[in-house]
Amino acid sequence: MDQAYKLRNLINSKKQIENNFRVIAVSSGKGGVGKTNFAVNLAIALKKRGLRVSILDADFGMANVDILFGIKTRYTIYDILYNDKTIDDVYEMTEEGVKIIPGGSGISELFDLDDEKRKKIIDEFSKINDIDILIIDTGAGLSKTTLTLLNFADDIIVITNSEPCSLTDAYSLIKVICRENIKSNIGVVVNRAKNIIEGRETFNKLSNAIKIFLDKEIKYLGYICEDHRVINAVREQKPFISMYPRCEAGLCINKITSEILGTCDNNKNATVKEYFSKILKFMGR
Numbered sequence: 048m049d050q051a052y053k054l055r056n057l058i059n060s061k062k063q064i065e066n067n068f069r070v071i072a073v074s075s076g077k078g079g080v081g082k083t084n085f086a087v088n089l090a091i092a093l094k095k096r097g098l099r100v101s102i103l104d105a106d107f108g109m110a111n112v113d114i115l116f117g118i119k120t121r122y123t124i125y126d127i128l129y130n131d132k133t134i135d136d137v138y139e140m141t142e143e144g145v146k147i148i149p150g151g152s153g154i155s156e157l158f159d160l161d162d163e164k165r166k167k168i169i170d171e172f173s174k175i176n177d178i179d180i181l182i183i184d185t186g187a188g189l190s191k192t193t194l195t196l197l198n199f200a201d202d203i204i205v206i207t208n209s210e211p212c213s214l215t216d217a218y219s220l221i222k223v224i225c226r227e228n229i230k231s232n233i234g235v236v237v238n239r240a241k242n243i244i245e246g247r248e249t250f251n252k253l254s255n256a257i258k259i260f261l262d263k264e265i266k267y268l269g270y271i272c273e274d275h276r277v278i279n280a281v282r283e284q285k286p287f288i289s290m291y292p293r294c295e296a297g298l299c300i301n302k303i304t305s306e307i308l309g310t311c312d313n314n315k316n317a318t319v320k321e322y323f324s325k326i327l328k329f330m331g332r
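When we follow our numbering, the leftmost residue of the sequence shown carries the number 48, and every step to the right adds one.
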């Protein structure tokens, strides 16, 4: 990749975002399909494009964003609510320059807050004003928390693979998204594909079913190939795009990143504060 190409990528990325805050929710119909690993490596790829990126680890059942970055978080959103911590106490900065916001059990607590705690959490999130993109690693499946986070995201990325069970679960997730009238853009990434052909064929199976039964169009963002270096990186608690920048899976992530940045519609939220204000208002109904 020459310097001119890198510069064009950087300029184009910044043009796509301009001054708009963007929320990208990464989800899956079931666990074990590589959702969190994708979210982590996408965050780094976006950061390399010159964007300011944070990840909210909202998978309170299996929170492991910090593990994949090789760091240990001290506090979570729960500690803001009940242990008098601030957002500055909670977030952690990675070597790559990505901010992690650990949700922990505090994410589910957002459904049952009194006015004082609701104001407190909004005030803390209003301090975050240096983000271009917030990536939300949601819990797998169809919990009320996950659906609420998806509802106010600009983009939903559904991670699946070629296994029939995974495709069925991805279809079920998208079906509920449609049923709940969630207006976010829906994109699909096929993980652990043998090659470009399997990636496209897997997507086509899902897309055709969704067109026929749900009358919905979804976007193919790309595939991530089967790559043994991904497993090696997980064992070392390093993002594979950092440990093996030129590995096949890393190149796939970069292509997907370009696809995401090339589809930037009018965003729903101007700031982090606005996003969480909407969520808390919705949860408090």
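No residue lacks a Cβ here, since even glycine has one placed at the ideal position from N, Cα and C.
Just so you know, these numbers come straight off a predicted model, no measurement behind them.
Under the 10 Å beta carbon count, threonine 304 is surrounded by 16 or more other beta carbons and is classified as buried. Setting aside the 5 residues that flank it on each side, glutamate 283 is surrounded in the same chain by Gly117, Met290, each with a C-beta closer than 8 Å to its C-beta; the list follows chain order. Within the same chain, and ignoring the five residues on either side of glutamate 156 in sequence, the residues whose Cβ sits closer than 7 Å to its Cβ are Tyr125, Leu128. Isoleucine 300 and isoleucine 265 do not touch by the CB rule: their CB atoms are close to 20 Å apart, not below 8 Å. The continuous stretches of beta strand (DSSP E) do not include valine 80, and DSSP gives it neither H nor E.
The beta carbons of leucine 196 and isoleucine 183 sit closer together than 8 Å. Between alanine 200 and glycine 76 a beta carbon distance of about 17 Å is seen, past the 8 Å cut, so the two are scored as non-contacting. The beta-carbon distance between tyrosine 122 and valine 145, rounded to whole angstroms, is 18 Å. This is too long to meet the 8 Å contact definition. Between threonine 133 and glutamate 171 the beta-carbon gap is near 6 Å, inside 8 Å, which marks them as a contact. In the three-state DSSP reduction, proline 211 falls in the helix class (H, G or I). The alpha-carbon of aspartate 106 is positioned some 21 Å away from that of aspartate 135.
Rounded to whole angstroms, the separation of the alpha carbons of threonine 83 and leucine 327 is 24 Å. In this structure, the straight-line span from the alpha carbon of lysine 241 to that of glutamate 210 is close to 12 Å.
Sorting Asn228, Lys166, Val319 by C-alpha distance to the C-alpha of lysine 263 places Asn228 at the top. Contact check for leucine 115 against proline 286 passes: the beta carbons are separated by less than 8 Å. Here DSSP, grouped into helix, strand and coil, assigns threonine 318 to coil.
According to DSSP, serine 75 shares a beta bridge with Ile206.
Judged by DSSP in its simplified three-state form, alanine 240 adopts strand. For the pair glycine 188 and aspartate 131, the Cα-to-Cα distance works out to about 31 Å.
For phenylalanine 250, the closest alpha carbon among the candidates Leu89, Ile204, Ile178, Asp177 is that of Ile204. For glycine 153, the uninterrupted alpha helix (DSSP H) run begins and ends at 153-156, by DSSP. Taking all protein chains in view, the Cβ of isoleucine 168 is crowded by 16 or more other Cβ atoms within 10 Å, so the residue is classified as buried. DSSP places isoleucine 271 in the strand class (E or B) of the three-state scheme. For valine 137, the uninterrupted alpha helix (DSSP H) run begins and ends at 134-137, by DSSP. According to the DSSP secondary-structure assignment, leucine 181 is paired through a beta bridge with Val70, Ser101. DSSP places lysine 146 inside the beta strand (DSSP E), whose first and last residues are 146-149.
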